[in-house]
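Asks:
Number of protein chains: 2
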Amino acid sequence: MPKITFFNLPEDKRENLVHAAKKEFARVPLNQASISNIIKDAKIPRGSFYQYFDDKEDAFFYLLNSHVSAYKMHFLETLRKNNGDIFDAMIDFYTAIITEEKENLQFLRNLFLNMTHRIETVMARSFSENDLNENFRKIGNLINKEKLNVMDEQELFHMMQIISSVTFHNIVKKFAGELPFEAAVTNYRTEIYLLKKGFLSQ
Amino acid sequence: MPKITFFNLPEDKRENLVHAAKKEFARVPLNQASISNIIKDAKIPRGSFYQYFDDKEDAFFYLLNSHVSAYKMHFLETLRKNNGDIFDAMIDFYTAIITEEKENLQFLRNLFLNMTHRIETVMARSFSENDLNENFRKIGNLINKEKLNVMDEQELFHMMQIISSVTFHNIVKKFAGELPFEAAVTNYRTEIYLLKKGFLSQ
DNA sequence: ATTTTATATGACAACGTGTCACATGTCAAT
DNA sequence: ATTGACATGTGACACGTTGTCATATAAAAT
Numbered sequence: 061m062p063k064i065t066f067f068n069l070p071e072d073k074r075e076n077l078v079h080a081a082k083k084e085f086a087r088v089p090l091n092q093a094s095i096s097n098i099i100k101d102a103k104i105p106r107g108s109f110y111q112y113f114d115d116k117e118d119a120f121f122y123l124l125n126s127h128v129s130a131y132k133m134h135f136l137e138t139l140r141k142n143n144g145d146i147f148d149a150m151i152d153f154y155t156a157i158i159t160e161e162k163e164n165l166q167f168l169r170n171l172f173l174n175m176t177h178r179i180e181t182v183m184a185r186s187f188s189e190n191d192l193n194e195n196f197r198k199i200g201n202l203i204n205k206e207k208l209n210v211m212d213e214q215e216l217f218h219m220m221q222i223i224s225s226v227t228f229h230n231i232v233k234k235f236a237g238e239l240p241f242e243a244a245v246t247n248y249r250t251e252i253y254l255l256k257k258g259f260l261s262q
Numbered sequence: 061m062p063k064i065t066f067f068n069l070p071e072d073k074r075e076n077l078v079h080a081a082k083k084e085f086a087r088v089p090l091n092q093a094s095i096s097n098i099i100k101d102a103k104i105p106r107g108s109f110y111q112y113f114d115d116k117e118d119a120f121f122y123l124l125n126s127h128v129s130a131y132k133m134h135f136l137e138t139l140r141k142n143n144g145d146i147f148d149a150m151i152d153f154y155t156a157i158i159t160e161e162k163e164n165l166q167f168l169r170n171l172f173l174n175m176t177h178r179i180e181t182v183m184a185r186s187f188s189e190n191d192l193n194e195n196f197r198k199i200g201n202l203i204n205k206e207k208l209n210v211m212d213e214q215e216l217f218h219m220m221q222i223i224s225s226v227t228f229h230n231i232v233k234k235f236a237g238e239l240p241f242e243a244a245v246t247n248y249r250t251e252i253y254l255l256k257k258g259f260l261s262q
């Protein structure tokens, strides 16, 4: 978490700094990003940066968290729009992510191509966590379970885990530049379809 | 790839260096590993390191590749032992990975908790690739497709993609230390079971 | 023996990080 | 207005790491 000083900053100065950080993390992934670049771009002295953040990662995770919050809202909305159909919602969501604009796109690209467990934990707070916690419940309640082949909360939880694994992986593949947009969506649709019908014939 | 000089090295000196590198990459993940530590441990001058490798990553991926080759063989064997039952084979394989010994375990831990796309690409060469390539065919041929709810090679490929996503994710969770051994296996079994039966009721 | 080629070595420049002593600003109390 | 207390700004600096390069040494070829 950024220090209090950061939040006490006059808005324009704070936004300026945030913008410089965003730019650097859009340029290269976390491990290659340099504080030097950020302060050079934001035109603040080195010491000031440390007045606001503990270190590079602190700044990165601050940005990441705001991204995640936005996507979380977006996802809940998408789920509602699709009347609780988790599969259609995921497809919408997937499409939205890989259709981001310029700067966000580069940020996301660096993010997904360098997805450490620590980052994943923050990301996944959106819709799955270690325990069946609040976020999971919120989403769980929105999901239409009528046609779902699910016995209990446990199974639902694991289904969400699977869907999230598969989605993450598809996003990564897309960002790896291995596929054009249409092919990426088709592939994802296929995998969702396979998840629905199951791997064993009845 | 290491340079020719590396392979021309007398065996003991080479193994010494490899061991030092292994030790460093078991200590910390790639991005935190330092060449300084490796050469200090291997007792070779700095210049020599660059005679053998391009950089840190070169050394890392050399080690990774040998790991992967070993696991690849192991996996094919496991698949045969299970008479082509991909699900049982995966469960065996999963169990084997999370049951590794000391140094390997730490190496794998750092690996999976910091799985970049580049690393994943190397790892996944074992049993899935962009195209339906040789490795995929080799495994595809070993898989018993009798009871598999699969229409064509395409679907089989995507099933493998899904299984691999889910497996990766389960390994990461285990290494994140969130679960004791038994719970980890149970969870993985549950997810494989869910994949088999499908998410929609017929 | 002499030349050519391969390998070894460590000092060095360039760069990035986090800290710290000191400068400056803010504001309430007197 | 002046003071003092506290918050914030600043940049030089020590430290660690990386990759290179000129030079030394060894090995092979002629």
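As they're listed, the protein sequences go chains A and B.
Under the numbering used here, the letters of the first sequence match residues 61 to 262, in that order.
Under the numbering used here, the letters of the second sequence match residues 61 to 262, in that order.
Beta carbons are placed, not taken as given, at the ideal position from N, Cα and C, and that holds for glycine.
To the nearest angstrom, report how far apart B/L173 and B/K234 are at their CA atoms.
Replies: The count along the second sequence starts at 1 and reaches residue 173 of chain B at position 113. The count along the second sequence starts at 1 and reaches residue 234 of chain B at position 174. Roughly 10 Å between the two C-alpha positions.
Asks: Applying the 10 Å Cβ sphere with the 16-neighbour rule, what's the burial state of A/A102?
Replies: As a first step, residue 102 of chain A must be located in the first sequence, where it is residue number 42. Buried is the call here.
Asks: Got a sec: is the Cβ-Cβ distance from B/K257 to anything in chain A below 8 Å?
Replies: Within the second sequence, numbered from 1, the residue matching residue 257 of chain B stands at position 197. Interface residue, yes.
Asks: Does DSSP put A/L69 in a helix, a strand or coil?
Replies: For the purposes of this step, residue 69 of chain A is identified with residue 9 of the first sequence, where counting begins at 1. Three-state DSSP puts A/L69 in coil, outside helix and strand.
Asks: To which residues of the same chain is B/P62 closer than 7 Å at the C-beta, ignoring the five residues directly before and after it?
Replies: Residue 62 of chain B sits at position 2 when you count from the first residue of the second sequence. Excluding residues within five positions, the ones whose Cβ falls inside 7 Å are Y112, F113, D118 and Y122.
Asks: Contact between the stretch 236-251 of chain A and the stretch 142-156 of chain A is defined here as three or more beta-carbon pairs at a separation below 8 Å; is this criterion met?
Replies: Short answer: they touch.
Asks: Assuming the contact rule is C-beta atoms closer than 8 Å, B/I222 and A/V232 should be a hit. Round their C-beta distance to whole Å, please.
Replies: In the second sequence, the residue the question calls residue 222 of chain B occupies position 162. In the first sequence, the residue the question calls residue 232 of chain A occupies position 172. Contact doesn't hold; Cβ gap of about 14 Å is too wide.
Asks: Any beta-carbon of chain B closer than 8 Å to the one on A/M219?
Replies: In the first sequence, counting from the first residue as 1, residue 219 of chain A sits at position 159. For A/M219, the answer is yes, since a Cβ of chain B falls inside 8 Å of its Cβ.
Asks: Which of helix, strand or coil does DSSP assign to A/L171?
Replies: As a first step, residue 171 of chain A is located in the first sequence; it is residue number 111 there, counting from the start. Three-state DSSP puts A/L171 in a helix.
Asks: Using a C-beta to C-beta distance shorter than 7 Å, which residues of chain A count as neighbours of B/E194?
Replies: Reading the second sequence from its first residue, position 134 is the one you call residue 194 of chain B. Per Cβ cutoff of 7 Å: no residues; B/E194 is ~18 Å from chain A at best.
Asks: For my contact list, B/A86 and B/E163 are in at a C-beta cut-off of 8 Å; report their separation, rounded to the angstrom.
Replies: Here the question's residue 86 of chain B lines up with position 26 in the second sequence. Here the question's residue 163 of chain B lines up with position 103 in the second sequence. Right, the Cβ-Cβ distance comes to about 5 Å (below 8 Å), so this counts as a contact.
Asks: With which residues is A/L208 paired in a DSSP beta bridge?
Replies: To locate residue 208 of chain A, count along the first sequence from 1; it is residue 148. Partner(s): B/L260.
Asks: Rounded to the nearest angstrom, what separates A/N143 and A/K73 at their Cα positions?
Replies: As a working mapping, residue 143 of chain A is identified with position 83 in the first sequence. As a working mapping, residue 73 of chain A is identified with position 13 in the first sequence. Whole-angstrom Cα-Cα distance: 43 Å.
Asks: Have a look at B/I67 and A/G237 and give me their C-alpha separation to the nearest angstrom.
Replies: On the second sequence, residue 67 of chain B is found 7 positions in, with the first residue counted as 1. On the first sequence, residue 237 of chain A is found 177 positions in, with the first residue counted as 1. Correcting the residue type first, residue 67 of chain B is Phe in the shown sequence and not Ile. For B/F67 and A/G237, the distance between alpha carbons rounds to 34 Å.
Asks: What separation, rounded to the nearest whole angstrom, lies between the Cα atoms of A/F196 and B/N201?
Replies: As a working note, residue 196 of chain A is residue 136 in the first sequence. As a working note, residue 201 of chain B is residue 141 in the second sequence. Answer to the nearest angstrom: the Cα atoms are 40 Å apart.
Asks: Specify, as a first and last residue, the run of the alpha helix (DSSP H) that A/F147 falls within.
Replies: Here the question's residue 147 of chain A lines up with position 87 in the first sequence. Element bounds for A/F147: I146 to I157.
Asks: With DSSP as the reference, label B/S94 as helix, strand or coil.
Replies: The residue given as residue 94 of chain B occupies position 34 in the second sequence. The answer is coil: DSSP assigns B/S94 none of H, G, I, E or B.
Asks: Would you call A/E180 buried or exposed, if buried means 16 or more other Cβ atoms sit within 10 Å of its Cβ?
Replies: Looking up residue 180 of chain A in the first sequence gives position 120. Its Cβ being crowded by 16 or more others within 10 Å, A/E180 is buried.
Asks: Just to make sure I have the definition right: I need the residues of chain A whose C-beta is within less than 8 Å of the C-beta of B/Q111. Which are they?
Replies: To locate residue 111 of chain B, count along the second sequence from 1; it is residue 51. The contacting residues do not exist; B/Q111 stays about 25 Å from chain A at best.
Asks: Please report the residue range of the alpha helix (DSSP H) in which A/N143 lies.
Replies: Residue 143 of chain A sits at position 83 when you count from the first residue of the first sequence. Where A/N143 is concerned, there is no enclosing alpha helix (DSSP H), given that its DSSP letter is neither H nor E.
Asks: Determine whether the beta carbon atoms of A/K82 and A/I95 lie at a separation below 8 Å.
Replies: Here residue 82 of chain A is taken as the residue at index 22 of the first sequence, counted from 1. Here residue 95 of chain A is taken as the residue at index 35 of the first sequence, counted from 1. No, the pair does not count as a contact, with Cβ atoms beyond the cut-off.
Asks: Run down chain A in chain order and give the residues with a C-beta less than 8 Å from the C-beta of B/S261.
Replies: In the second sequence, the residue the question calls residue 261 of chain B occupies position 201. Within 8 Å Cβ-Cβ: K207, L208 and N209.
Asks: Kindly indicate which three-state DSSP category A/V78 falls into: helix, strand or coil?
Replies: Here residue 78 of chain A is taken as the residue at index 18 of the first sequence, counted from 1. Of the three classes helix, strand and coil, the one that applies to A/V78 here is helix, per DSSP.
Asks: Looking at the unbroken alpha helix (DSSP H) that takes in B/G200, where does it start and where does it end?
Replies: Reading the second sequence from its first residue, position 140 is the one you call residue 200 of chain B. Segment E194 to L202, the alpha helix (DSSP H) holding B/G200.
Asks: For the stretch 219-236 of chain A, enumerate the residues whose C-beta is nearer than 7 Å to any C-beta of chain B, in chain order.
Replies: Against chain B - using a Cβ distance shorter than 7 Å - the residues of the stretch 219-236 of chain A are M219, Q221, I222, S225, V226, H229, V232 and A236.
Asks: Is any beta-carbon of chain A found at less than 8 Å from that of B/S188?
Replies: The count along the second sequence starts at 1 and reaches residue 188 of chain B at position 128. Its pLDDT being 44, under 50, B/S188 is placed unreliably in this model, and the coordinates cannot settle the point.
Asks: Are the CB atoms of A/L254 and B/H218 within a distance shorter than 8 Å?
Replies: In the second sequence, the residue the question calls residue 218 of chain B occupies position 158. In the first sequence, the residue the question calls residue 254 of chain A occupies position 194. Yes, they are a contact pair.
Asks: Which residues in chain B sit within 7 Å of A/N142, going by Cβ to Cβ distance?
Replies: Position 82 of the first sequence, counted from the first residue, corresponds to residue 142 of chain A. None at all; the shortest Cβ gap to chain B is about 15 Å.
Asks: With a threshold of 8 Å between beta carbons, is A/H58 in contact with chain B?
Replies: Given that chain A is displayed from residue 61 to residue 262, the structure contains no residue 58 of chain A and the question cannot be resolved.
Asks: Can you name the start and end residues of the alpha helix (DSSP H) that A/K233 belongs to?
Replies: For the purposes of this step, residue 233 of chain A is taken as residue 173 along the first sequence, with counting starting at 1. Start and end: E213 to F235.
Asks: Within 10 Å of its beta-carbon, does A/K204 have 16 or more other beta-carbons around it, so buried, or fewer, so exposed?
Replies: Taking the first residue of the first sequence as position 1, residue 204 of chain A is located at position 144. In the sequence on display, residue 204 of chain A carries Asn and not Lys. A/N204 comes out exposed.
Asks: Of all Cβ atoms in chain A, is any one closer than 8 Å to the Cβ of B/T250?
Replies: Taking the first residue of the second sequence as position 1, residue 250 of chain B is located at position 190. For B/T250, the answer is yes, since a Cβ of chain A falls inside 8 Å of its Cβ.
Asks: Answer yes or no: does any C-beta atom of chain B fall closer than 8 Å to that of A/L168?
Replies: For this step, residue 168 of chain A is matched to residue 108 along the first sequence. Chain B, which has no Cβ nearer than 8 Å to the Cβ of A/L168, makes this no.
Asks: Less than 8 Å separating the beta-carbons of A/G258 and B/K257?
Replies: Along the first sequence, read from residue 1 onward, the residue named residue 258 of chain A stands at position 198. Along the second sequence, read from residue 1 onward, the residue named residue 257 of chain B stands at position 197. For A/G258 and B/K257, yes; Cβs fall inside 8 Å.
Asks: Should A/K124 be flagged as near chain B, meaning a C-beta pair shorter than 8 Å?
Replies: In the first sequence, counting from the first residue as 1, residue 124 of chain A sits at position 64. Before going on, a small fix: residue 124 of chain A reads as Leu here, not Lys. Closer than 8 Å: no.
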